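Quick mapping for you: the protein sequence lines, in order, are chains A and B.
The opening position of the first sequence corresponds to residue -4 in the working numbering, with each subsequent residue numbered one higher.
The opening position of the second sequence corresponds to residue -4 in the working numbering, with each subsequent residue numbered one higher.
Inspection log for the structure reproduced underneath, given as structure tokens.
There are 2 protein chains.
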Amino acid sequence: MDKYAKAAKRKTLSAQPQAREKSATVQQDRAKQDAAQQHRAELVRNGIVRAILEHRLHPGTKLGEDDLGNIYGVSRTLVRLALQTLAREGIVIMKKNRGAFVAQPSIAQTREVFEARRLIEPAIAARATQRATPAFAKALNAHLIEESASLAGHDEQASIRLSGDFHLLVAQMSGHSVFQTMLSELITRSSLSILMYKSSREHLCGVDHHREIADAIISGNGVRAGGLMVHHLDEIEHGLELERSSNPSKNLEHILAAR
Amino acid sequence: MDKYAKAAKRKTLSAQPQAREKSATVQQDRAKQDAAQQHRAELVRNGIVRAILEHRLHPGTKLGEDDLGNIYGVSRTLVRLALQTLAREGIVIMKKNRGAFVAQPSIAQTREVFEARRLIEPAIAARATQRATPAFAKALNAHLIEESASLAGHDEQASIRLSGDFHLLVAQMSGHSVFQTMLSELITRSSLSILMYKSSREHLCGVDHHREIADAIISGNGVRAGGLMVHHLDEIEHGLELERSSNPSKNLEHILAAR
DNA sequence: ATCTGCCAAATTGCATGCAATCCTGTGCTT
DNA sequence: AAGCACAGGATTGCATGCAATTTGGCAGAT
């Protein structure tokens, strides 16, 4: 009998190799170049990250080892490996003898993450501008089309993920793997912060900013691209409710969360 | 009978909790705040990182799971966890079915690491300047004294490590945990790069630059601190032989290294 | 003497098992 | 009825065992 038969239980995570054709672009490229799917632990990790990026996994959610093992068809050893990695990236926190939970970034941490992005992303954009090729321009445009399509089609999950993927795509264009890795982590953390502090009047991410940034990059104006990037990030951060007193429910949730 | 008796075999790594009193400052603080020594895997990881920072472990060295397990007195499961983490940080590379090896950063990767440091460290220095307190100034001075002492005493290992710790100390002062984590990783990678590409006429790291930077920070001149930091990093990078043709032995070594 | 094919030893990849810890709910005390 | 103690079950932390892969070397062939 199949040991992992309970995989049918699948919950919100989904382990299937994404039959969806295009859309899975950047994320998969990263995974491939990262480790060539060397261990199956990466599979678990990527699944969790993806779920977070698509806002299917929420801050504070418990990530039980057995559950994940059943979902992905691997033993707890590998799940544990994945969780450990995620913990080091600040995406998950592990409480001793209690298990792993999706991180609940504090306000201070959120500010730090955005500060880091404001430092790194303009540099990335500038570099991408220098190295822009017609092929990249095409990829960028294709991405933007896909992004607005998902927005128009009210495909919430896809549009959230693609919004992050835009930044990753630019990082990829920059050809700087260190920045790329750093940004990848920052984006995932941003996604959690957005989930925690998103103001009710939402629509944080329009595709317009991305369009402008892409145009600046393609037209070779690196300084402008960097400036727009900073502005874009500022806008996102300001769309969050990061005043300590603002939304008591969210702060409560954070404060009361078992330590 | 003690299962891990073979620990006596200890090689270059050393697992003992460092009876040395002071000097171990920054590195240990980081470890503590990171995970409160939550798992013993951290112990393995920290040991390896420290060995790299002190240039006791060289690029390309094989890190056998059993060996490490014996040295640190843990099972392969935990060793594996530590190695996996290090691999993700780019400090170690894992070859499928072949094992883990200390990374051999390429010239391109080295340039990327230093580019990232030149971006991040001035920002860190500026932030540290803003947040400087008398206590911090004192810590900084104490560190510099220790650093020159180790230099005067020709304590190679300590002086190399302390040189890196200076940067980490500034990052700690900045109070920005994201930058701190990023820099920590970059410094370890730098250490490997230096080991690979150090020009024969060495003496890369005098304490003078550090002194100047510290003075700028303490005197509240953040811009100057940032500028000096960039200059310092430039100097280090230029002390490396990063021309593709320069040192054929090193390039050969890198090119021929089993893929 | 060099090359090729194959077997044994060593090593990795991963699942499982066991002890320790934590959670839950039941019954007892006040 | 409210509070407390404790037992049973679930979950984590870690070591070990087993299959698969690689390595190194030896025998035989050319």
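Don't be surprised by glycine CBs; every beta carbon is placed ideally from N, CA and C.
All figures in this text were calculated on a predicted structure; none of them were measured in a lab.
Asked                                                                                                                             : Found
Euclidean distance between Cα positions of A/Leu139 and B/Ser169                                                                  : 37 Å
Cut-off 6 Å between Cβ atoms - residues of its own chain near B/His227, not counting five sequence neighbours on either side      : His204
Nearest candidate by alpha-carbon position, reference B/Ile86, set B/Ile182, B/Leu73, B/Ser143, B/Arg113                          : B/Ile182
Any non-hydrogen atom of the ligand ZN within 6 Å of A/Thr124 CB                                                                  : For the structure depicted, the ligand ZN is absent and the ligand set is empty, with no information on it obtainable.
Residue closest to B/Ser268, alpha-carbon to alpha-carbon, out of B/Arg45, B/Ala127, B/Ser158                                     : As displayed, chain B neither begins before -4 nor continues past 254, which places residue 268 of chain B out of reach and without an answer.
Min CB distance B/Ala123 to chain A below 7 Å                                                                                     : no
Burial state of A/Thr72 (16 or more Cβ within 10 Å)                                                                               : exposed
Neighbour list for A/Thr183 in chain B, Cβ cutoff strictly below 7 Å                                                              : Near A/Thr183 there are no residues of chain B at all, since even the closest Cβ is about 13 Å away, more than 7 Å.
A/Leu73 at chain B interface by Cβ criterion, 7 Å                                                                                 : no
Touching by the beta-carbon criterion (3+ pairs, under 8 Å), the segment 88 to 100 of chain B and the segment 58 to 66 of chain B : yes
Of the listed residues A/Asp160, A/Gly222, A/Gly55, nearest to A/Ile88 (C-alpha basis)                                            : A/Gly55
Per DSSP, cross-strand counterpart(s) of A/Lys277                                                                                 : The question about residue 277 of chain A has no answer here: the residues shown for chain A are numbered -4 through 254.
Endpoints, beta strand (DSSP E) assigned at B/Val87                                                                               : 87 to 90
Sheet register partners of A/Phe96 (DSSP bridge)                                                                                  : A/Lys57, A/Ile88
Test: A/Leu76 CB closer than 7 Å to a CB of chain B                                                                               : yes
A/Arg51 versus A/Leu237, A/Ile189, A/Ile212, A/Met224, residue with shortest Cα-Cα distance                                       : A/Ile189
Interface flag, A/Glu37 vs chain B, CB-CB below 7 Å                                                                               : no
CA-to-CA distance, A/Glu49 to A/Ser70, given in whole angstroms                                                                   : 25 Å
Between the CA atoms of B/Leu135 and A/His171 - distance to the nearest angstrom                                                  : 33 Å
Short CB-CB distance (under 7 Å) between A/Gln152 and chain B                                                                     : no
9 Å Cβ cut-off: residues of chain B touching A/Ile43                                                                              : Residues of chain B passing the Cβ test: none, with the nearest at roughly 14 Å.
Contact set for B/Val202: own chain, Cβ-Cβ below 7 Å, skip 5 residues either direction                                            : Leu139, Glu142, Ser143, Leu146
Below-7 Å beta-carbon distance, B/Thr56 vs any chain A residue                                                                    : no
Burial state of A/Gln167, where buried means 16 or more other Cβ atoms lie within 10 Å                                            : buried
B/Ala121, DSSP secondary structure in three states                                                                                : helix
Inter-residue spacing [alpha-carbon to alpha-carbon] between A/Glu151 and A/Leu164                                                : 20 Å
Cα-Cα separation, B/Ala77 to A/Phe174                                                                                             : 23 Å
Where the segment 93 to 105 of chain B meets chain A: residues whose CB sits under 7 Å from a CB there                            : none
Contact with chain A by B/Glu107, beta-carbon distance below 7 Å                                                                  : yes
Listed by chain order, chain A residues near B/Thr80 by CB distance under 7 Å                                                     : Gln79, Thr80, Arg83
Under 7 Å by beta carbon: chain A residues contacting B/Val173                                                                    : Glu107, Val108, Ala111
Beta carbon of A/Glu116 nearer than 7 Å to that of A/Met224                                                                       : yes
Enclosing alpha helix (DSSP H) for B/Arg51 [first to last residue]                                                                : Per DSSP, B/Arg51 belongs to no alpha helix (DSSP H) and is neither H nor E.
Contact with chain B by A/Ala46, beta-carbon distance below 7 Å                                                                   : no
Distance between A/Ala123 and B/Ala26 (C-alpha atoms, nearest Å)                                                                  : Low confidence applies to B/Ala26: its pLDDT is 35, below 50, so where it sits in the model is not reliable enough to give any reading.
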